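First up is the structure itself, then whatever we jot down about it.
Chains as they are written, first to last, in the numbering used here: chain Y, 2 to 339; chain H, 2 to 339.
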């Protein structure tokens, strides 16, 4: 059977779930960037009134989730599932943010691909008849991530030109059986791709091959081409990874022009001194759940591909001399069900 | 619609996925315990010929996955999805184990509930028509976990009587559309429950309330009672948590006698000096994918409930004075599809 599986990696939803609500709660720096007027809320204080950055991130997830529920006139306990994850060890942020949610929680880890992984699985649960609606939730925080993955901020280390700036913020998207769209029509889960990149300050290079792999699989599975979509958006490849992705398409003689990257969209790279661009689970979560879905709603975009790109980076594996595997998941969002 | 949702948290599969293959690769201590003759393979060397414990755990996952595929006469790249997770930060073990798997990977984090979370989602993907077959994979390793969550082994700290022993091993279960059973008939995803336990050396107490919550939800959703099942097995509550669970049922006047815990089954608590019993993702993964499924196959068990119980413990949250939230997911396995 598996009648919704087309090709090797892609599923086409039979009753494409509709986006019912979405929300984006952004940090200060993100609120000063090009998308400043697109967010539901900008938090000026990195601590959000809490004692630690992790607790601030917890509160951001709660705020985003509550706002999405309010837009639907409900509360988070009405969600059939909440698919959630974050970058902090043991997915601390999601676990604590959802302590009082009152809905079944399925914890994910997909590094920066988590938003799309969550939305893909939420869509799968709705299309499969397992939930009337389901939420996809994630976040990241510059300060909690830098401390965990790289250096304590107090150390003041020099950032390399390839380094990306972890986005502070949380995004949520709720999909359900009945709604006016936009619709999630396809989900392509990615394979893990490891081309041997070992530089933890160059995640874009580690992720680009997996983004190429998943996009190529999607185009093959659906028998479509890049030009069939209004926009193709990658998660957080940043300047370096994005250029590598374009180079990979060029090498394979694939025309692709209508493409952008959340890591390049969320910041003014020159003006905001973020080197290669934004990164972190919050990056694609914020861009998707503000500008992209706003434009889908407005009809200025009608059919887009969103790729969550994850660098499966771990300080432990880096210390053990390992390379950085990448994984990229893809969803197709359309204003029509077809 | 959501026609497969019965009650608040439980789904009943329309075409219950069949277990197609399973495998359990255990560590030395586990191989000396009561289930010694049930495992596919016992690894005598904690390093498994590798340089680090993490790499040993990676190899255990690969070995388990390959063995399950071999039993089906295929390779891991034939699996529609691999749902995988582990305890090590950034799910390092699963990411590296699946670098060359050649199948779409969906990363999970559910602490010690991961085996059941993965199997629930794998079943959902098969029943929903998204994959012909899907694998659920997880692992843990005593040495890699102790170092990360508690103390370096070299420190030789005194273990409290409530402490549990992280199981070394990896288990995998593959489910698919067509097969002779046993079948996964129901999946109940758990809510996060936090009763304020703050002792990282007493995870059983942190998890017991969530196990009670999910079991109660399942019985209510399905209108069944504990006596309708041959056996009810919790993941790794251990001696302390298991006694608390029994106490909770007693307080609520629910008769429950046909119940056991993987953490109590995998070790000889007295003879093997493991204090309150086994824990870790590998605990329920090994017990499910050896003894439990062996007995289902043999017909000595015909209908069981398996609960993955997870303590959403993080060294960071512990340092910040937080309590330990728990989450428990449940699957019902039956030799008939009904």
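Cβ coordinates follow ideal geometry from the N, Cα and C atoms, glycine included. Predicted model, so just to flag it, every value in this text is computed and none were measured.
query: According to DSSP, what are the bridge partners of residue 27(H)?; result: 43(H) and 170(H)
query: Taking all protein chains shown into account, do 16 or more other C-beta atoms lie within 10 angstroms of the C-beta of residue 52(Y), making it buried, or fewer, making it exposed?; result: exposed
query: In whole angstroms, what separates the C-alpha of residue 242(Y) from that of residue 312(Y)?; result: 11 Å
query: For residue 24(H) and residue 173(H), which I take to be in contact (beta-carbon distance under 8 Å), what is that distance rounded to the nearest angstrom?; result: 5 Å
query: If I measure Cβ to Cβ from residue 110(H) and keep anything under 7 Å in the same chain, skipping five residues before and after, which residues do I get?; result: 86 and 92
query: Quick one: residues in its chain with C-beta nearer than 7 Å to the C-beta of residue 116(H), no 5 flanking neighbours on either side, listed in chain order?; result: 137, 139, 172, 282, 285, 286, 289 and 309
query: Can the beta-carbon of residue 121(Y) be found less than 7 Å from the beta-carbon of residue 208(Y)?; result: no
query: Residues in the same chain with beta-carbon distance under 7 Å from residue 296(H), minus the five sequence neighbours each way, listed in chain order, please.; result: 302
query: Can you tell me which residues form a DSSP beta bridge with residue 275(H)?; result: Paired residues: none, contrary to the question.
query: If we define contact as Cβ-Cβ less than 7 Å, is residue 206(H) a contact residue for chain Y?; result: no
query: Secondary structure at residue 198(Y), three-state DSSP: helix, strand or coil?; result: coil
query: Could you name each continuous beta strand (DSSP E) segment of 3 residues or more that falls completely within the segment 74-143 of chain H, going from the start of the chain to the end?; result: 82-87, 106-108 and 134-141
query: Touching or not, the segment 221-231 of chain Y and the segment 250-260 of chain Y, by the rule of three or more beta carbon pairs under 8 Å?; result: yes
query: Any C-beta of chain Y sitting closer than 7 Å to the C-beta of residue 212(H)?; result: no
query: With 7 Å set as the bound, which would you pick, yes or no: does the beta-carbon of residue 187(Y) sit closer than that to a beta-carbon of chain H?; result: no
query: Can you check which of these residues, 108(Y), 113(Y) and 6(Y), is closest to residue 113(H) by C-alpha distance?; result: 108(Y)
query: Can you give the Cα-Cα distance for residue 216(H) and residue 198(H), rounded to whole angstroms?; result: 20 Å
query: DSSP three-state call for residue 340(Y): helix, strand or coil?; result: Only positions 2 to 339 of chain Y appear in the structure, and residue 340(Y) is not among them; the question remains open.
query: Measure the alpha-carbon distance for residue 40(Y) versus residue 147(Y) and round it to whole angstroms.; result: 24 Å
query: So, for residue 330(Y): in the same chain, excluding its five sequence neighbours on each side, which residues have a beta-carbon less than 6 Å away from its beta-carbon?; result: 114, 117, 118, 121, 190, 191 and 309
query: Chain Y beta carbons: is any one of them nearer than 7 Å to that of residue 49(H)?; result: no
query: Per DSSP, which residues does residue 11(H) bridge with? Please list them.; result: 7(H) and 189(H)
query: Closest to residue 236(Y) by CA distance: which of 72(Y), 50(Y), 293(Y) and 272(Y) is it?; result: 293(Y)
query: Could you check the C-alpha separation between residue 76(Y) and residue 103(Y) for me, to the nearest Å?; result: 9 Å
query: Is it the case that the segment 21-36 of chain H contacts the segment 166-185 of chain H, given that we only count it when at least three CB pairs across the two stretches are under 8 Å?; result: yes
query: Give me, in chain order, the residues of the same chain whose beta-carbon lies closer than 7 Å to that of residue 144(H); leave out the 5 immediate sequence neighbours on both sides.; result: 47, 54 and 154
query: Spell out the partners DSSP gives residue 226(Y) in its beta bridges.; result: DSSP lists no partner for residue 226(Y).
query: Let's see if you can read the secondary structure: which residues bound the alpha helix (DSSP H) around residue 319(Y)?; result: 316-320
query: For the structure I just gave you, are there three or more beta carbon pairs, one from the segment 272-282 of chain Y and one from the segment 155-165 of chain Y, closer than 8 Å?; result: yes
query: Please report the residue range of the alpha helix (DSSP H) in which residue 269(H) lies.; result: Per DSSP, residue 269(H) belongs to no alpha helix (DSSP H) and is neither H nor E.
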